[in-house]
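Report on one structure; see the data block that follows.
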């Protein structure tokens with residue numbers, strides 16, 4: 033496995049620990065922060081988290097996080113400092129370390145070819161006096177963590193025990209929503225002081241029900257068949273007389289159904305027995321697929337509005353309403369749609385990111401294998417990972 037895999041898994045491990053810290057607190061209004069002072073912090077503790085899935089423990093492997101914690105301790109000596117770490121040869125335990133053990137962890141031996149970084153680290157460590165070290169170990173806990181799967185199952189169990197959660201399937205679904213909430217908190221909040229939430233915030237978020245998140249965690253835990261079954265049961269189709277945005281990211285294209293063909297089929301189904309007040313769907317497609325998708329629209333004689341994206345994008349034209357005609361009966365207009373000047377808007381993600389400015393207020397946003405868009409973070413959404421074109425079509429057709 034490459035470094036990227038372990039970095040992602042390490043962040044997921046951190047998210048799971050954050051969820052446990054929030055759900056385990058007895059004070060629903062206690063603020064827990066992520067990626068602020070350190071990995072996790074609150075009013076009474078700071079925590080560093082390290083996940084070393086393939087490594088055995090040696091004292092020098094926790095030197096840098098402990099140095100960071102000592103630096104924080106020197107700013108505030110009234111709270112506790114924890115290092116929560118997993119090494120494959122260490123069983124779960126929480127321990128206090130001795131001064132001798134701390135000295136061993138902090139020991140740096142310089143060589144002629146030592147890096148500038150290591151030399152700077154030694155200078156910093158040498159600046160710690162004996163009192164600093166003695167006082168620090170009184171406030172410090174070294175916690176050897178459970179492995180990834182055990183901690184994940186503990187998180188699911190905690191969520192399962194919430195009063196409104198009725199099954200393991202629901203627990204995994206809520207877990208997906210919570211992890212997505214934290215990812216948005218870290219990515220979208222550029223000011224670290226805003227990366228905080230409470231147990232009450234989390235409970236309200238998942239009980240609110242406006243947003244549905246389906247991630248690979250469900251597949252890992254329950255398998256693909258159960259995942260697809262759960263998707264079909266909980267998927268909410270677009271309301272036809274309201275605006276809806278659909279992001280198509282790196283969705284797996286089956287040999288029988290390209291993204292372009294998928295969109296053509298969705299539009300055919302969407303306009304079946306349409307009434308005059310139907311709103312065209314707006315598709316935002318990943319940049320590498322957009323040209324082929326539009327070619328498929330043309331081959332299918334499907335009228336679309338792309339705001340002349342390939343020439344010079346015109347936002348006003350793109351977001352204009354279609355001209356519609358009603359069917360008539362006995363010389364009178366009916367509720368049914370006869371004709372529309374275009375049946376969908378379609379645009380590349382790059383053009384959307386550069387130009388969207390709340391011209392249309394979508395009722396719901398759908399993300400298929402695509403990250404949430406920070407311009408739409410306040411909108412209700414459904415986010416689905418691990419899905420192919422045929423599965424997307426089945427969701428809309430059920």
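Residue numbers (my numbering): 33 to 430. Beta carbons: idealized from backbone N, C-alpha and C, even for Gly.
- About 16 Å separates the Cβ atoms of residue 334 and residue 280, ruling out a contact at the 8 Å cut-off.
- Residue 53 sits buried, since 16 or more C-beta atoms from the chains shown fall within 10 Å of its C-beta.
- Excluding the 5 residues flanking it on each side, residue 123 has same chain C-beta neighbours closer than 8 Å at 176, in chain order.
- Looking at the DSSP output, residue 377 sits in a beta bridge with 314 and 337.
- Per DSSP, the beta bridge partners of residue 371 are 357.
- Note that the C-beta distance between residue 139 and residue 259 is not below 9 Å.
- The way I'd put it, the region 101-111 does touch the region 162-182; three or more beta-carbon pairs between them come closer than 8 Å.
- Residue 227 sits in coil when the DSSP states are folded into three classes, being neither helix nor strand.
- Taking C-alpha positions only, residue 211 is separated from residue 379 by approximately 29 Å.
- Residue 311 and residue 274 do touch by the CB rule: their CB atoms are close to 6 Å apart, below 8 Å.
- Here DSSP, grouped into helix, strand and coil, assigns residue 125 to strand.
- By the Cβ-count criterion, residue 376 is buried, with 16 or more other Cβ atoms from all chains shown falling within 10 Å of its own Cβ.
- When DSSP states are grouped into helix, strand and coil, residue 79 belongs to the strand group.
- Just so you know, the alpha carbons of residue 130 and residue 269 end up roughly 60 Å apart.
- Here residue 321 is buried, its C-beta having at least 16 other C-beta atoms within 10 Å.
- Scanning its chain for C-beta atoms nearer than 8 Å, with the 5 sequence neighbours on each side dropped, one finds around residue 75 the residues 62, 63 and 111, in chain order.
- Secondary structure of residue 395 (DSSP, three-state): coil.
- Counting along the chain, residue 261 sits inside the alpha helix (DSSP H) bounded by residues 256-266.
- Residue 116 places its beta carbon less than 9 Å from that of residue 80.
- The criterion of a C-beta distance shorter than 9 Å is satisfied by residue 412 and residue 397.
- Boundaries of the alpha helix (DSSP H) harbouring residue 131: 131-138, taken from the DSSP string.
- Per DSSP, residue 287 is not a residue of any beta strand (DSSP E), being assigned neither H nor E.
- Per DSSP, reduced to three states, the secondary structure at residue 213 is helical.
- Contact annotation, residue 383 with residue 328: C-beta distance approximately 18 Å; criterion of less than 8 Å not satisfied.
- Look at residue 296 here: in three-state DSSP terms it is helix.
- About 6 Å separates the CB atoms of residue 308 and residue 367; that is less than 8 Å, so the two are in contact.
- Shown here for residue 371: same chain residues with a beta carbon closer than 6 Å to its own, the five before and five after excluded, namely 357 in chain order.
- Of the residues 314, 231 and 222, the one whose Cα lies closest to the Cα of residue 58 is 231.
- Counting C-beta atoms within 10 angstroms of its own C-beta, residue 430 has fewer than 16 neighbours from the protein chains shown and is therefore classed as exposed.
- With contacts defined as CB atoms closer than 9 Å, residue 266 and residue 395 fail to qualify as a contacting pair.
- Here residue 203 is buried. Its C-beta has 16 or more other C-beta atoms within 10 Å.
- The Cβ-Cβ distance between residue 213 and residue 194 does not fall below 9 Å.
- With fewer than 16 other CB atoms across the displayed protein chains lying within 10 angstroms of its CB, residue 360 is exposed.
- If one requires a minimum length of 3 residues, the beta strand (DSSP E) runs lying completely within the region 164-212 are 172-176, in chain order.
- A check of alpha carbon separations from residue 254 across 199, 227, 408 and 305 identifies 199 as the nearest.
- Nearest in C-alpha terms to residue 120, of all of 246, 150 and 84, is 84.
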